[in-house]
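Next comes the structure, spelled out in structure tokens:
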């Protein structure tokens, strides 16, 4: 992993803290969680969840 690049992201601090708390309870750190997400994107060839518009009735 000598050639592993560093990536900078801008995140809402409150959102980051909330996510980090959840990741911690799962035994993950931010790097591991983002890596899992990116591997899922590659595997699925898109976002690994449905994106939908909220439709009011």
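Residue numbers (this note's numbering): 9 to 65. Ideal placement from N, C-alpha and C gives every residue a C-beta, glycine not left out. Only a predicted model underlies this, so the values are computations on that prediction, with no experimental measurement involved.
Below 8 Å between beta carbons: does that hold for residue i and residue j?
| i | j | result |
| --- | --- | --- |
| residue 57 | residue 41 | no |
Distance, Cα to Cα, residue i vs residue j?
| i | j | result |
| --- | --- | --- |
| residue 35 | residue 50 | 23 Å |
| residue 47 | residue 53 | 10 Å |
| residue 27 | residue 33 | 10 Å |
| residue 59 | residue 23 | 19 Å |
| residue 62 | residue 55 | 18 Å |
Give the range of the alpha helix (DSSP H) segment to which residue i is assigned.
| i | result |
| --- | --- |
| residue 25 | 21-33 |
| residue 46 | 38-52 |
Taking C-alpha atoms, which residue in the options lies nearest to residue i?
| i | options | result |
| --- | --- | --- |
| residue 12 | 43, 37, 25 and 26 | 43 |
| residue 16 | 63, 26, 22 and 38 | 38 |
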